[in-house]
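1 is the number of the first residue of the sequence shown in the UniProt record's numbering; add one for each residue after it.
Virtual Cβ for every residue (Gly too), placed ideally from N, Cα, C.
Structure first, commentary second.
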Amino acid sequence: MLNSNVLRKLDMQDLMVFVAVYEQNSVTGVSEALCVSQSTVSYCLKKLRAGFADELFINTRSGMRPTFKASHMYPHVLKILESINLCHAGAPAFNPALQPATFNICAPEYFEQLILPRLLKNFAFADLPVMINMHKFETDIPAEALRDGSLDLVIGFGPNFHRSHGDLNARTLLEDDLVCVFDACATPVEPRLSLQAFVQRRHVFPTPWTSTTNMVDGWLAQQARKRHIVARANSYSAALKMITGTDLILTLPRRIQRLLADEAAFNHREAPEGLPGFTLDMQWSQRVDQDSANAWLREQVIRACTDPQGA
1 MLNSNVLRKL
11 DMQDLMVFVA
21 VYEQNSVTGV
31 SEALCVSQST
41 VSYCLKKLRA
51 GFADELFINT
61 RSGMRPTFKA
71 SHMYPHVLKI
81 LESINLCHAG
91 APAFNPALQP
101 ATFNICAPEY
111 FEQLILPRLL
121 KNFAFADLPV
131 MINMHKFETD
141 IPAEALRDGS
151 LDLVIGFGPN
161 FHRSHGDLNA
171 RTLLEDDLVC
181 VFDACATPVE
191 PRLSLQAFVQ
201 RRHVFPTPWT
211 STTNMVDGWL
221 AQQARKRHIV
231 ARANSYSAAL
241 KMITGTDLIL
251 TLPRRIQRLL
261 ADEAAFNHRE
271 APEGLPGFTL
281 DMQWSQRVDQ
291 DSANAWLREQ
301 VIRACTDPQG
311 A
């Protein structure tokens, strides 16, 4: 807020005239430097004198001599003009090539297996000094860590697997579905498992995050059915080892099955009709939506997710 209503009548040109007169001690020189008429300079000085209730500059034989108040004002007016220029320029754009950068991402193994290698490959190819710290996805979206800046991004599954937060922005990165994976010697003949055949098999369950619920068992509960889980694995690779040489079944995202399930050792069949697919979603705080570093990171993640190799 301004201390005086008279100050509201001042504009940027008035402040520029003040600085120019102070530095050049000449109305004629100011007129030429600012490409305005001498009458405009005189009018701006009149407004300045009225606004600050001081003569500001006294005309002498050696030029325009600033008053004590003008000398006191000068550094403050300079800062005002510098601040206006900074507002116009905006924050400097993030350039990872100029200095090392570290980002913190919370995501399930799905992201680490499928997207993170491509992301790091892109950084390495561009010779960027960028480091990614991965944080394990727990029960729910770590919203507070996004708010306080401890995390830059959270990657999770959707839709509607986790509680939504109104102050977080979100974007879907990709879609995927589930397939049933078997040891090559214990693969059913039919191309798609029936619901009955699916629940009759013994299952290994790779836990994508720390939770008592998951997309498969949630869907089965809606069908009033339940599967028999004999083991819970901490990773997709461990789960694949567990079904090797057995008749156990492993339900995997199709993209993970293509990436990790060696066709010489494993086969897959389509999941029961109606088993829903899922999305991989990215969330970030609205506070950093316009932050150039965070925006750059989001662009890189999107690029890695749309890489043709991941189709």
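Roughly how far, in whole angstroms, is the beta-carbon of residue i from the beta-carbon of residue j, given that I think they are within contact range, below 8 Å?
i           : j    : result
L81         : L15  : 6 Å
S39         : L168 : Incorrect: roughly 56 Å between the Cβ atoms, too far for contact.
L173        : C305 : 4 Å
V204        : A233 : 6 Å
V17         : L45  : 7 Å
M51         : K9   : Sequence inspection shows Gly at residue 51; the Met mentioned does not correspond to that position. About 7 Å; that satisfies the 8 Å criterion.
M282        : R171 : 5 Å
L250        : V181 : 4 Å
V21         : S42  : Contact flag wrong, Cβ pair sits at about 10 Å.
Y142        : L153 : Checking the displayed sequence, the identity of residue 142 turns out to be Pro instead of Tyr. The Cβ separation is near 11 Å, so there is no contact.
P129        : P92  : Not quite, the Cβ-Cβ distance comes to about 17 Å (not below 8 Å), so this is no contact.
V216        : L178 : 7 Å
residue 333 : T279 : With the chain covering only 1 through 311, there is no way to say anything about residue 333.
D176        : G245 : That belief does not hold up - the Cβ atoms of D176 and G245 are roughly 27 Å apart, past 8 Å.
V19         : V77  : 6 Å
How far does the beta strand (DSSP E) with residue i in it reach, from first residue to last?
i           : result
G63         : G63 to P66
residue 312 : Residue numbering for the chain in the displayed model covers 1 to 311; residue 312 lies beyond these limits and cannot be assessed.
residue 350 : Outside the modelled stretch of the chain, which goes from 1 to 311, sits residue 350, for which no answer is possible.
Q283        : F278 to S285
A231        : H228 to A233
I58         : F57 to T60
V204        : R202 to P206
N267        : F266 to E270
Could you please give the first and the last residue of the uninterrupted alpha helix (DSSP H) stretch that includes residue i?
i    : result
L193 : First-last for L193: undefined, no H or E at that position.
F52  : Q38 to F52
A295 : S292 to C305
G218 : M215 to Q222
R255 : R254 to L260
F125 : L116 to F125
T172 : Per DSSP, T172 belongs to no alpha helix (DSSP H); it is in the beta strand (DSSP E), L168 to D176.
V30  : V27 to L34
V130 : That residue, V130, is in no alpha helix (DSSP H); its beta strand (DSSP E) goes V130 to K136.
R147 : A143 to R147
F18  : M12 to Q24
A184 : Run containing A184: none; DSSP gives neither H nor E here.
A239 : Y236 to I243
Select from the options the residue whose C-alpha is nearest the C-alpha of residue i.
i    : options                   : result
P272 : F125, Q196 and S237       : Q196
R298 : I155, H228 and V230       : I155
P253 : R8, I229 and T207         : T207
H135 : F161, S31 and F103        : F103
T139 : R227, Y74 and N214        : N214
A265 : V19, Y74, L240 and D289   : L240
N294 : E23, K47 and I105         : I105
G274 : A231, G218, R255 and N85  : G218
I229 : E32, R202 and D183        : R202
L7   : V27, T251, Q24 and L48    : L48
I256 : T244, M131 and S235       : S235
N5   : P188, N25, A33 and A53    : A53
R303 : I84, P117 and G149        : P117
E190 : I132, R269, T246 and D176 : R269
C185 : M64, F161, I243 and I132  : I243
I58  : N25, M131 and L86         : N25
M73  : L120, S62 and E23         : E23
R287 : S237, D148, M64 and D11   : D148
E109 : A238, D289, D291 and W296 : A238
D183 : A231, N267, D127 and F123 : N267
M64  : W296, V36, V30 and S292   : V30
A107 : R61, N160, F137 and S292  : F137
> Would the region 255 to 265 and the region 107 to 118 be scored as touching if the rule is three or more Cβ pairs under 8 Å?
Replying inline: With a cut-off of 8 Å, the region 107 to 118 and the region 255 to 265 count as touching, because enough Cβ pairs lie within range.
> Quick check: the region 92 to 105 against the region 62 to 82, are there 3 or more CB pairs under 8 Å?
Replying inline: The region 92 to 105, when compared against the region 62 to 82, does not touch it at the 8 Å Cβ threshold.
> Does the region 176 to 194 touch the region 218 to 231, meaning 3 or more C-beta pairs lie closer than 8 Å?
Replying inline: no
> Taking the runs of the beta strand (DSSP E) that are 3 residues or longer, which of them lie wholly in the region 70 to 101?
Replying inline: none
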